[in-house]
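Visitor: Taking the numbering used here, I'd label the letters of the sequence shown as residues -16 to 176.
Backbone N, C-alpha and C define an ideal beta-carbon position, used for all residues, glycine too.
The structure presented is a predicted model; accordingly, all values stated were derived computationally and were not measured.
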Amino acid sequence: MLDIDLRGDKRKRDFVDQYEVTPVVAAKLPEIRNEYGCCGPVTDEFHIFRAKPKSGTGAADFVVMGPGCAKSLYLLLDISPNKPLQPTSFFRKGADIPEIYHRLCPFNRQLHDAIWLLCLSWRVIPKHHSLDALTAIYNKPEQPVDSVWAEKLGATVAKDRQGRGMIGIMADLRKKLPDLRWFKFDELETYWT
Ligand SMILES: [Zn+2]
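What follows is the structure in structure tokens.
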């Protein structure tokens, strides 16, 4: 994540002057812990943008923002705000699913679901390769993303402190969210060792 102070309009204007900024994902997750946006802790709603320096060869990085700063940034970029995804509602049985979902191929959908379930379980925002994977998924929803993202996700799941796999993680989440649908990950499992 890019560590940059974006307080106030002047800093945000300089930021969009210096970086090619594109929204990646916006979501609302309950009880996020130990995560920080550009000016303070992120507690539920967050917006993540990809920023690539306009000059030179600097690598692209991500910036996390709370709803207030994100609103100002969308205005500066003159784009309509990304509506926050709410996995706790669309992951429920019988719930309406977001429009993007209808376009995801099965592989991308499983990867997308696994990433968000993991975030819900660990009470974190998507980071590192989860964010790269989501970026790739949202760029081309219909086309399966590189299988390397499934491998990397498998490695991330393996870091679960309680050693649960996705099935165990879902079972535990259901204690808090009894209506949670039961997800399949057969498209990804071939890449998990
Ligand atoms: Zn801020």
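1. Please report the distance separating the alpha-carbon of ASP(-12) from that of LEU156.
2. Kindly indicate if chain D contains any beta-carbon less than 8 Å away from that of VAL47.
3. Leaving out the 5 sequence neighbours to the left and right, which residues in its chain are closer than 7 Å to ASP27 when beta-carbon positions are compared?
4. Roughly how many whole angstroms lie between the Cα atoms of SER72 and ILE80?
5. From which residue to which residue does the alpha helix (DSSP H) around VAL(-1) run?
6. I'd like to confirm something about MET48: is its beta-carbon nearer than 7 Å to some heavy atom of ligand 1, or not?
7. Does the Cβ of ARG33 have 16 or more other Cβ atoms within 10 Å, making it buried, or fewer, making it exposed?
8. Grab the span of the beta strand (DSSP E) containing HIS95 for me, first residue to last.
9. If you run the structure through DSSP and keep just helix, strand and coil, what is ARG16?
Guide: On the basis of the supplied data:
1. Translated into positions along the sequence shown, residue -12 becomes position 5. Translated into positions along the sequence shown, residue 156 becomes position 173. Their Cα atoms are separated by approximately 35 Å.
2. The structure shown contains no chain D; it is built from a single protein chain.
3. Locating residue 27 in the sequence shown gives position 44, where the first residue counts as 1. So the qualifying residues of the chain are LYS11, LEU12, PRO13 and ILE15.
4. Taking the sequence shown and counting its residues from 1, the one referred to as residue 72 is at position 89. Taking the sequence shown and counting its residues from 1, the one referred to as residue 80 is at position 97. Rounded to whole angstroms, SER72 to ILE80 spans 9 Å at the Cα level.
5. On the sequence shown, residue -1 is found 16 positions in, with the first residue counted as 1. First-last of the alpha helix (DSSP H) with VAL(-1): -9 to 1.
6. Position 65 of the sequence shown, counting from 1, holds the residue named residue 48. True, at least one ligand heavy atom lies under 7 Å from that Cβ.
7. Counting from 1 along the sequence shown, the entry for residue 33 is found at position 50. With 16 or more other Cβ atoms within 10 Å, it is buried.
8. Residue 95 sits at position 112 when you count from the first residue of the sequence shown. Segment 89 to 105 is the alpha helix (DSSP H) holding HIS95; no beta strand (DSSP E) there.
9. Within the sequence shown, numbered from 1, the residue matching residue 16 stands at position 33. Correct three-state label for ARG16: coil.
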